[in-house]
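My numbering numbers the first residue of the sequence shown as 1038 and each following residue consecutively. Cβ coordinates follow ideal geometry from the N, Cα and C atoms, glycine included. Beneath this line is the structure, given in structure tokens, with notes to follow.
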Amino acid sequence: MELENIVANTVYLKARESKTKGRSKKWKELLKFPHHTISAAIKNDVVLTYDRICEKEPIGRELFRLFCAGNAPLQQAIDFLDEVDVFDKAEAAKKPELARQLVARHLPEDSQPIVAGIMVDTAEKTRSRVAKSADEEFSMEVFRDAVRQPVTKKTFRHYRVLGKGGFGEVCACQSKISGKMYAMKKLEKKRIKRRKGEAMALNEKQLLEKIDSRFVVSLAYAYETKDALCMVLTLMNGGDLKFHVHNMGNPGFEEERAVFYAAEVMLGLIHLHSKRIVYRDMKPENLLLDDYGHVRISDLGLAVQIKNGETIRGRVGTIGYMAPEVVKNERYTFSPDWWGLGCLIYEMIQGKSPFRARKEKVKRDEVERRVKEDEEVYTEKFSSSARLICSQALQKEVINRLGCGDSSGEEIKKHIFFRNINWPQLEAGIFKPPFVPDPRAVYCKDVLDIEQFSSVKGVRLDESDEEFYRKFSSGSVSIPWQSEMIEMECYKELNFFEVNGLPSPDLVGDAPPEPPKKRGVACCSGSDDGL
């Protein structure tokens, strides 16, 4: 039995280390773009804006910069905006010199006394000018259509089980096209139907599609097999915070580490709240570390999007982490998430949750009574700032709770607990984590220790389920797909032009589409032969 676990871990680690070696030999054929006449139709059903295409979408950003490189005024504008971005992320001590250099290169000499105002005003005008040029002259429909190509189980290689979700297993997988590793969350169709979980499953998938944050796991692909619906998500190799809090030495973290994780989690919550999404399931096991030690929020199964001006009600969450208003079944918006952040900070420092000891056998009613009535206890592990933020976030009344009076999160960012955080650097992913996971370790349970699901009996799938499956199985998601293509160097290796410098036939206006091949794989056909 031990041998089985060793083999599973060895194969998994080898795949993680393989990088681009994990590609199929036919990966370029798989990524072959459709004829330009097909791509042109995208203009009719997609909203193309500068912010979306040229800033948020990774390939769009790369292509737009290539476009600007051939236009001197646009290139100068891009250089200026890049330097302003560097200035914004710099440490306070370095900003005066960076400002001096920026002004000397880009701004009039008479702007010296009012540098800050000139920079902001000029940056806004420059961005508007660049956006106008992009709207008028720039296009990337061919890449956008490539995102729509079919996805099936044969698109991925499957590795060891990492854990369990509510409707099925979570395993590691690897794209045969790029070699990138992902986590695959399988939702068994019969289990979903037996538990009437269609709305919950579709809700999580649709919420994940709306999210683009380095502090929340990303959905890269959604597809179906005969027996399951599959979500392909960011792979977080560093394990969850519950494991690190309780299983790596003495329970709890040094305050520096707790501050870092709390800050990144908070940015994840701010992003969710900006989309009107309340998370409702904050706990250490739902917070995952990546290879570099950065943390992301995962598992949006209980999250819900709230309409403007409305509130919701629902006693959902995990016992001991649910806010008083949730326990009392009162109406709320985003307040449970700030309570959850307080619980998280407390547990990261103390090594136990504020209202329930680890492995304590206590009835649900008693835990809920503690949440509603008892004050949390602070030990010498808490500094004055740590105690202050926990006590403010764990206020029983929403009106008094930290974060609930400011939807932007600025109130919490300014808290003394986060005094050493450089927020622009953290948001850009360049703030150094205090802990980096061991790349040779597998931070999850042994394969045989992960309890297997029993088979589902007495449930039949029929045509009435097909509409739900079609809604769920939407294929690849644009921004994560583009990030994958750049990260794994597929974008870099694809050639748009022939050796003689002329466009390839599929980009020539009068050239007809190539006839489909009789054997092998054609991306636009959705065939999986040869994989």
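- Judged by DSSP secondary structure, V1332 falls outside any alpha helix (DSSP H) and instead within the beta strand (DSSP E) spanning V1332 to I1334.
- If you look at A1259, you'll find it isn't in any alpha helix (DSSP H); it sits in the beta strand (DSSP E) that goes L1256 to E1261.
- Residue pairing for H1195: DSSP places it in a beta bridge opposite C1210.
- Taking C-beta atoms under 8 Å as the contact rule, A1168 and L1244 fail to qualify, at a distance of about 29 Å.
- Leaving aside the five residues that flank W1375 on each side, the residues in its chain whose CB is nearer than 7 Å to its CB run, in chain order, A1430, R1438, L1439, G1440 and C1441.
- Note that the C-beta distance between G1234 and R1317 is not below 9 Å.
- For the options F1204, L1224, Y1196 and Y1329, the alpha carbon positioned closest to that of P1476 is the one of Y1329.
- Within 10 angstroms of the beta-carbon of Q1387 lie 16 or more other beta-carbons, which makes it buried.
- In this structure, the CA atom of F1280 is about 12 Å from the CA atom of K1389.
- Per the DSSP secondary-structure output, D1499 pairs with nothing in a beta bridge.
- Contact between the stretch 1310 to 1326 and the stretch 1261 to 1278 is present: 3 or more CB-CB pairs across the two stretches fall below 8 Å.
- Under the DSSP assignment, Y1528 falls in the alpha helix (DSSP H) whose first and last residues are C1527 to E1530.
- Across the set S1513, E1500, I1453 and H1452, the C-alpha of S1513 shows the shortest separation from the C-alpha of T1192.
- Residue environment: I1453 is assigned as exposed (fewer than 16 neighbouring CB atoms within 10 Å of its CB, all protein chains considered).
- The Cβ atoms of V1473 and L1050 lie no closer than 9 Å to each other.
- One thing to note: E1524 has its Cβ within 9 Å of the Cβ of S1215.
- When C-alpha distances from P1373 are compared across D1088, N1345, S1444 and Y1219, the shortest belongs to S1444.
- In the DSSP assignment, L1326 falls outside any alpha helix (DSSP H) and within the unbroken beta strand (DSSP E) covering L1324 to L1326.
- In the three-state scheme derived from DSSP, where H, G and I count as helix and E and B as strand, E1054 is classed as helix.
- DSSP links T1271 through a beta bridge to Y1219.
- Between V1282 and E1384, the alpha-carbon positions lie close to 8 Å from each other.
- Membership of Y1415 in any alpha helix (DSSP H) is not indicated, and neither H nor E is assigned to it by DSSP.
- Residue pairing by DSSP places D1277 opposite L1325 in a beta bridge.
- Spanning the alpha carbons of K1223 and S1055 requires a straight line of approximately 24 Å.
- Going by DSSP, H1452 is part of no alpha helix (DSSP H) at all; its letter is neither H nor E.
- For G1203, no alpha helix (DSSP H) encloses it, and the DSSP letter there is neither H nor E.
- Beta-bridge annotation (DSSP): Y1369 is paired with I1349.
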